[in-house]
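In our numbering, the protein residues as written are 155 to 414. Here a beta-carbon is modelled for each residue, glycine too, at the ideal position from N, C-alpha and C.
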């Protein structure tokens, strides 16, 4: 298994080195398309923006621009979707994204890919790959976009699960909607445990893979994965926090394969 992964990694490296001029725009297009389609599927409150054609057009534009443009486009699309849900929710979402973007652009703007792939990895069930990749490929600052991406995912998750109450249904009054959204995010222990695990795993993986020892990269992946699992299991001991152990283990195995 390991030999196959290493051989595949070598093939990817050789192919990318030879055709990077063509590969980069294609990869950015694919990444942007997946991003916009997943946003539409998760919080597709504005019917027009859910169109695959719109997602393709936006992805084509992002393929020709720097990765940070994709970050901004994704934020605008998310805010537009929440506008169709509620003006108050739209304002809160825009404010949250503004704070996140200010933090991100101030500290780690060169790690745009981390901010982009984090919500995607959550949606496809392998969020544990994010801190491994951040620590292996980038550095400690990658913990910032990873944590910000996790926060954005949980924001979208809450919006998708409370569409009726945040729209025109159960919750009455703009102040109540805003209070409900903010209170739910602040009180989300699962989210904060996940963000803490991501930050610590990024740091551990980074420092271990820099050690002057044999197989430091492999050690970093293994130890980082164990730490990530342990932190999530410890978080499950808190009241109101549920961790799917099978999902955690399967996701961790796949994440290890991706990291290698």
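Straight-line Cα distance separating residue j from residue i
| i | j | result |
| --- | --- | --- |
| residue 414 | residue 319 | 43 Å |
| residue 198 | residue 317 | 10 Å |
| residue 160 | residue 370 | 15 Å |
| residue 314 | residue 196 | 6 Å |
| residue 105 | residue 303 | Because the chain spans 155 through 414 in this model, residue 105 falls outside it and cannot be assessed. |
| residue 343 | residue 337 | 12 Å |
| residue 213 | residue 185 | 8 Å |
| residue 244 | residue 190 | 18 Å |
| residue 389 | residue 175 | 44 Å |
| residue 378 | residue 359 | 5 Å |
| residue 394 | residue 237 | 31 Å |
| residue 380 | residue 241 | 43 Å |
| residue 274 | residue 194 | 12 Å |
| residue 283 | residue 347 | 16 Å |
| residue 354 | residue 291 | 16 Å |
| residue 170 | residue 180 | 11 Å |
| residue 287 | residue 218 | 25 Å |
| residue 385 | residue 406 | 13 Å |
| residue 200 | residue 279 | 25 Å |
| residue 403 | residue 166 | 27 Å |
| residue 163 | residue 177 | 16 Å |
| residue 157 | residue 410 | 14 Å |
| residue 261 | residue 305 | 17 Å |
| residue 211 | residue 270 | 18 Å |
| residue 206 | residue 367 | 48 Å |
| residue 345 | residue 335 | 14 Å |
Proximity of residue i and residue j at Cβ, strictly below 8 Å
| i | j | result |
| --- | --- | --- |
| residue 356 | residue 285 | yes |
| residue 398 | residue 349 | no |
| residue 255 | residue 229 | yes |
| residue 374 | residue 362 | yes |
| residue 277 | residue 296 | no |
| residue 192 | residue 250 | no |
| residue 216 | residue 264 | no |
| residue 232 | residue 266 | no |
| residue 253 | residue 332 | no |
| residue 312 | residue 272 | no |
Endpoints, the alpha helix (DSSP H) within which residue i is located
| i | result |
| --- | --- |
| residue 361 | 343–363 |
| residue 378 | 370–389 |
| residue 206 | 206–217 |
| residue 225 | 221–239 |
| residue 366 | Counting along the chain, residue 366 falls outside any alpha helix (DSSP H), and DSSP gives it neither H nor E. |
| residue 400 | 399–413 |
Whole-number beta carbon distance between residue j and residue i, since they are thought to touch under 8 Å
| i | j | result |
| --- | --- | --- |
| residue 225 | residue 257 | Not quite, the Cβ-Cβ distance comes to about 12 Å (not below 8 Å), so this is no contact. |
| residue 203 | residue 223 | That pair is no contact at about 17 Å. |
| residue 187 | residue 209 | 6 Å |
Please give the ranges of any alpha helix (DSSP H) in the region 250–332, keeping only runs that are unbroken, at least 4 residues long and fully inside the region. Look at the region 250–332 and you find these whole runs of alpha helix (DSSP H), each 4 residues long or longer: 266–277, 283–291, 297–315 and 317–320.
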